[in-house]
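A.B. asks: The structure follows.
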Ligand code: NAD
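Numbering (this note's numbering), first residue to last: 36 to 391.
Printed below as a string of structure tokens:
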């Protein structure tokens with residue numbers, strides 16, 4: 036398999052040009068592009084620039100409102116609810132995070148919802164922003180505006196999105212921020228797309244085909260019409276978390292769940308329910324810092340089953356990958372590059388991912 040390497044700024048520049056050509060306002064294009072390239076940098080290619088052809092298609096079909104403005108549905112001392120007006124996810128998602136973090140610093144807690152927005156991308160990015168401000172956060176997200184992708188536990192067809200759940204906690208002494216940021220399907224949909232583009236298989240047990248039978252062939256779920264379903268992670272546990280995300284994000288945001296009575300225009304929308312927490316309002320910061328470090332040291336000192344696979348602190352894989360890709364460049368496979376260059380060409384742009 037041929038791979039090409041790019042640095043983050045090259046990908047950002049390319050993505051910004053595509054998004055602007057598709058009609059995004061310049062500041063939205065910059066924000067969305069940076070968010071996608073950052074996902075690549077941190078190793079989540081499923082949520083990186085490979086999504087651009089879909090984003091461009093959504094913009095051109097009117098499935099993203101290009102001149103959207105955030106509308107505050109409710110704001111109290113501890114509750115913030117925003118309707119993003121159908122606009123791009125990342126700009127509204129980061130604005131929500133900034134405002135809710137300010138509330139949580141003051142009050143100790145803030146609960147926030149965002150609804151009616153395009154894809155929010157890698158959810159860990161919002162938890163990282165909060166952690167950088169010394170705040171813990173929880174995020175539940177559902178995915179709508181297209182058909183479902185994930186089968187319920189014991190079901191044989193898709194009824195849910197990949198509904199990510201994310202928990203962040205700020206750096207404590209020598210330990211950098213904790214970040215658990217996971218889809219509730221065994222694998223994220225984007226990983227199926229990446230596997231199909233690379234011509235590889237997906238792990239056993241992560242997909243079922245149209246007949247509800249297990250398969251490792253990603254092609255049925257890699258196009259625009261999904262044939263089959265992803266399976267929930269951890270059986271009833273992932274299924275239960277996906278359901279919780281439908282209720283917390285879909286219902287509390289006021290924008291709705293993936294049930295078929297809600298619109299499915301062939302776009303990609305997220306709703307998110309987040310709680311931001313200021314640990315300093317819960318106890319002695321010095322004790323908390325020492326305790327987090329002691330717990331992390333204890334967990335990571337477990338004797339290894341395999342010397343090549345250390346026990347990691349959640350968030351470490353993204354930091355390690357960001358370091359490696361900053362040094363070595365971000366790899367993109369040939370198929371992804373050609374799809375991105377095709378999208379640029381269709382928009383009448385001359386820019387290309389050049390070492391492709
Ligand atoms: P994944 O399976 O790669 O897991 C990532 C998480 O697990 C990270 O928090 C990482 O630090 C941690 N982790 C990984 N290996 C670890 C180890 N050995 N020890 C300790 N911690 C470890 O992630 P995924 O489920 O494929 O999700 C990928 C991304 O997709 C996430 O960023 C998620 O937000 C995003 N996503 C977004 C949407 C959406 O609609 N916006 C939907 C689904 C997924």
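C-beta: ideal position from N, C-alpha, C; glycine also. Quick caveat, the model's predicted, so the values are computed rather than measured.
With the cut-off set at 8 Å, would you say residue 85 and residue 371 are in Cβ contact?
C.D. replies: As a position in the chain shown, residue 85 is number 50, starting the count at 1. As a position in the chain shown, residue 371 is number 336, starting the count at 1. Their beta carbons are under 8 Å apart, which means residue 85 touches residue 371 by this criterion.
A.B. asks: Consult DSSP for residue 32 and reduce its assignment to one of helix, strand or coil.
C.D. replies: In the structure displayed, the chain extends from 36 to 391; residue 32 sits before or after that span and is not available.
A.B. asks: DSSP three-state call for residue 157: helix, strand or coil?
C.D. replies: Position 122 of the chain shown, counted from the first residue, corresponds to residue 157. Correct three-state label for residue 157: coil.
A.B. asks: Would you say the segment 135–153 touches the segment 292–307, given that touching needs at least three Cβ pairs under 8 Å?
C.D. replies: A contact exists between the segment 135–153 and the segment 292–307.
A.B. asks: Assign residue 320 to buried or exposed, taking buried as 16 or more other Cβ atoms, counted over all protein chains shown, within 10 Å of its Cβ.
C.D. replies: Your numbering for residue 320 matches position 285 in the chain shown. By the neighbour-count rule (16 or more Cβ atoms within 10 Å), residue 320 is not buried but exposed.
A.B. asks: Leaving out five residues on either side along the sequence, give the residues of the same chain with a beta carbon under 6 Å from the beta carbon of residue 44.
C.D. replies: Counting from 1 along the chain shown, the entry for residue 44 is found at position 9. Correct list: empty, nothing qualifies.
A.B. asks: Three-state secondary structure (DSSP) at residue 386?
C.D. replies: The sequence position of residue 386 within the chain shown is 351, counting from 1. In this structure, residue 386 counts as coil in the three-state DSSP scheme.
A.B. asks: So is the beta-carbon of residue 305 under 7 Å away from any non-hydrogen atom of the ligand NAD?
C.D. replies: Within the chain shown, the letter at position 270 stands for residue 305. Within the cutoff, so yes.
A.B. asks: Taking the Cβ atom as the reference point for each residue, do residue 49 and residue 364 lie within a distance shorter than 8 Å?
C.D. replies: Here residue 49 refers to the residue found at position 14 when the chain shown is read from its first residue. Here residue 364 refers to the residue found at position 329 when the chain shown is read from its first residue. Cβ distance not < 8 Å, so residue 49 and residue 364 don't count as in contact.
A.B. asks: In angstroms with no decimal places, state the Cα-to-Cα distance between residue 358 and residue 168.
C.D. replies: The residue given as residue 358 occupies position 323 in the chain shown. The residue given as residue 168 occupies position 133 in the chain shown. If I take the Cα positions, the gap works out to 22 Å.
A.B. asks: For the beta strand (DSSP E) containing residue 90, name the first residue and the last one.
C.D. replies: Along the chain shown, read from residue 1 onward, the residue named residue 90 stands at position 55. From DSSP, residue 90 is part of no beta strand (DSSP E) but of the alpha helix (DSSP H) over 87–95.
A.B. asks: Quick one, are the C-beta atoms of residue 166 and residue 139 less than 8 Å apart?
C.D. replies: The count along the chain shown starts at 1 and reaches residue 166 at position 131. The count along the chain shown starts at 1 and reaches residue 139 at position 104. No.
A.B. asks: Within the continuous alpha helix (DSSP H) that includes residue 278, where are the two ends?
C.D. replies: Start at 1 with the first residue of the chain shown, and residue 278 comes out as number 243. Its alpha helix (DSSP H) spans residues 271–280.
A.B. asks: Along the beta strand (DSSP E) that carries residue 171, what are the first and last residues, could you check?
C.D. replies: Locating residue 171 in the chain shown gives position 136, counting from the first residue. First-last of the beta strand (DSSP E) with residue 171: 171–179.
A.B. asks: Would the beta-carbon of residue 158 fall within 8 Å of that of residue 102?
C.D. replies: Translated into positions along the chain shown, residue 158 becomes position 123. Translated into positions along the chain shown, residue 102 becomes position 67. It is not a contact, given that the beta carbons lie outside the stated cut-off.
A.B. asks: Taking 7 Å as the cut-off, is the beta-carbon of residue 349 closer than that to any non-hydrogen atom of the ligand COA?
C.D. replies: No copy of the ligand COA occurs in the structure displayed; its ligands are the ligand NAD alone.
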